[in-house]
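Colleague: Shown below is the structure under consideration.
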Amino acid sequence: AVSAKSGRGLDAIRTFVQDRMPQGEWLYPPSQLSNVPTRVIAAEITRESIFLRSHEEVPYCSFVDTTAFKEQPDGSVRIEQTIYVETEGQRRI
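So, in structure tokens, the structure goes:
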């Protein structure tokens, strides 16, 4: 049995995966967290936040479009997004 909450069985899974991984060079630099564009990750984070805050009242077919993504001189990021839903009533939620 495996439990991420208690950590039970995680060492066995790590060993299982490590023993089966092919040897070779890293495919991505250590600073790259994902092969998915940051704009897409930002949209998914916003979409998740919508569902958590609306308590599932907004349909799963809502769509978040990242219209602007600009790194600022201070290291922060300015993100502009448009959220699309199916009906006018969902917009009010």
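One gets the numbering used here by counting positions in the sequence shown from 1 and adding 1 to each.
Each residue gets a CB set at the ideal place from its N, CA and C atoms; glycine is no exception.
If you're wondering where the values come from, they're calculated on a predicted model, not measured in any experiment.
Would you give the residue range spanned by the alpha helix (DSSP H) that D20 belongs to?
Modeller: It spans L11 to R21 - the alpha helix (DSSP H) in which D20 sits, taken as one unbroken run.
Colleague: Give the straight-line distance between the Cα atoms of V78 and Y85, rounded to the nearest whole angstrom.
Modeller: Near 22 Å, if we compare the C-alpha coordinates of Y85 and V78.
Colleague: So what does DSSP say about E45, is it helix, strand or coil?
Modeller: Residue state, collapsed to three classes: helix.
Colleague: Under 8 Å between the Cβ atoms of I80 and T67?
Modeller: In this structure, T67 lies closer than 8 Å to I80 by Cβ.
Colleague: A5: buried (16+ other C-beta within 10 angstroms of its C-beta) or exposed?
Modeller: With fewer than 16 Cβ atoms within 10 Å of its Cβ, A5 is classed as exposed.
Colleague: Is V3 near G10, with beta carbons less than 8 Å apart?
Modeller: In this structure, G10 lies closer than 8 Å to V3 by Cβ.
Colleague: Whose C-beta lies closer than 7 Å to the C-beta of I42 among residues of the same chain, with five residues either side of it excluded?
Modeller: Cβ within range, chain order: S35.
Colleague: Roughly how far, in whole angstroms, is the beta-carbon of Q82 from the beta-carbon of T47, given that I think they are within contact range, below 8 Å?
Modeller: Yes, they are in contact, since the Cβ atoms of Q82 and T47 sit about 6 Å apart, within 8 Å.
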